[in-house]
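*Asks:* Below are the structure tokens for one structure; questions will follow.
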Amino acid sequence: MMKPTFKKIKKEKDDSLYGLLSANKSSNTYIRIMISEEDDSVVVQLTDNPRNFQAVSHERYKNYRILRRLEIGVPRISLKYVTPEKLTAVLGPMIDFNIPFDKAVIVDGIQKDGIYSIMTKMKYKLKIIQGARKILNLSPQKRYEILEKYLSGHKE
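Residue numbering for the sequence shown follows the numbering used here, starting at 740 and increasing by one per position.
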């Protein structure tokens, strides 16, 4: 009976676009936009796990309606390879939403409940939807740049 021979396979670090993205294959960002006519507000929530959306208190958002992906105008409501932490670290606290900083309330609950939220007035609804489209339609090259900036900024 022969023993099977084992080969040592060296894992080479792949710094190419494919290599970096495949290393972060399990990283995702899910976006949810909720509107409330009664409260005159729009809420954008980002998380890395859609189950976290259920953990948020339903009492607080009972007047809100969740926009469907077709209302937003995107084929999917998730962004592969990038987590909300990396997005906020690289793009800043407003991410890519083109609204005045003083008109938004940012709740960074990523460490607590896994959700990053931006609340603003209803008059910025269109800008919020445009920003969500921009984030969800990022090219693989732009995602690579975000990952590269995040990794270079956090190597210490």
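Built from N, CA and C at the ideal position, the CB exists for glycine as well. Predicted, not measured: the structure shown is a model, and the values here were computed from it.
Roughly how many whole angstroms lie between the Cα atoms of N837 and I867?
*Replies:* Cα-Cα distance, rounded: 7 Å.
*Asks:* Look at the alpha carbon of T827 and the alpha carbon of G812, and state the distance between them as a whole number of angstroms.
*Replies:* For T827 and G812, the distance between alpha carbons rounds to 23 Å.
*Asks:* Whole angstroms is fine: what's the gap from L818's alpha carbon to Q850's?
*Replies:* Near 20 Å, if we compare the C-alpha coordinates of Q850 and L818.
*Asks:* Along the chain, which unbroken stretches of the alpha helix (DSSP H) at least 4 residues long are found entirely within the stretch 762-822?
*Replies:* The stretch 762-822 contains these whole alpha helix (DSSP H) runs: 791-794, 808-811.
*Asks:* Kindly indicate which residue of S765, E810, S891, E776 has the alpha-carbon position closest to the one of V829.
*Replies:* Looking at the Cα atoms, S891 is the closest of the given residues.
*Asks:* Identify which residue in H893, K888, N876, K862 has its Cα closest to the Cα of T768.
*Replies:* Out of H893, K888, N876, K862, N876 has the C-alpha closest to the C-alpha of T768.
*Asks:* Quick check on D787: buried or exposed, where buried means 16 or more other Cβ atoms within 10 Å of its Cβ?
*Replies:* D787 is buried by the Cβ-count criterion.
*Asks:* Would the beta-carbon of P781 fall within 8 Å of that of I770?
*Replies:* As written in the sequence, residue 781 is Val, which differs from the Pro given in the question. No, the Cβ-Cβ distance between V781 and I770 is not below 8 Å.
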